[in-house]
Amino acid sequence: MVERQVCQSEVVRAFKDVDDFLKTAASIMNRRKARAGKSLENHVEYLLRDAAIPFDSRPRIDGSDEPDILIPGKAAYEDSKFPVDQLLHAWPKDDV
């Protein structure tokens with residue numbers, strides 16, 4: 006219902022052409038996908054905290070890389086003595 010209220014003015018306006026319509030629809034769908042992705046991240050973070058699994062959310066590593074979740078965390082990732090086989094990360098789907 007909130008999405009309908011927010012997007013109502015975009016949807017009922019007159020479109021210049023089909024490309025304008027498709028651009029508007031794509032924008033609305035991208036916002037919807039972003040909300041769903043953030044919701045999933047929040048659920049995973051809750052489960053990790055509840056299970057007392059250490060992690061960092063969206064840490065900046067290697068200069069510009071930013072995985073969604075890094076287990077056990079950025080400090081372990083940057084520690085050259087930490088066993089590499091114990092590092093886990095979840096990259097955003099577009100970056101895979």
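Throughout, my numbering is defined as the position within the sequence shown, counted from one, plus 5. C-beta: ideal position from N, C-alpha, C; glycine also.
Distance CB(THR29)-CB(GLU8) smaller than 7 angstroms: Cβ distance not < 7 angstroms, so THR29 and GLU8 don't count as in contact.
Nearest-angstrom Cα separation, counted from PHE60 out to SER85: So the alpha carbons of these two residues sit roughly 18 angstroms apart.
Reduced DSSP category for ILE33 - H, G, I as helix; E, B as strand; rest coil: Look at ILE33 here: in three-state DSSP terms it is helix.
Exposure of VAL101, with buried meaning 16 or more beta-carbon neighbours within 10 Å: Low confidence applies here, because VAL101 scores a pLDDT of 46, under 50, leaving its location unreliable; read the following figure in that light. Exposed, because fewer than 16 other Cβ atoms sit within 10 Å of the Cβ of VAL101.
Among MET34, PRO72 and ILE66, the one whose alpha carbon lies nearest that of GLU46: Among MET34, PRO72 and ILE66, the Cα nearest to that of GLU46 belongs to PRO72.
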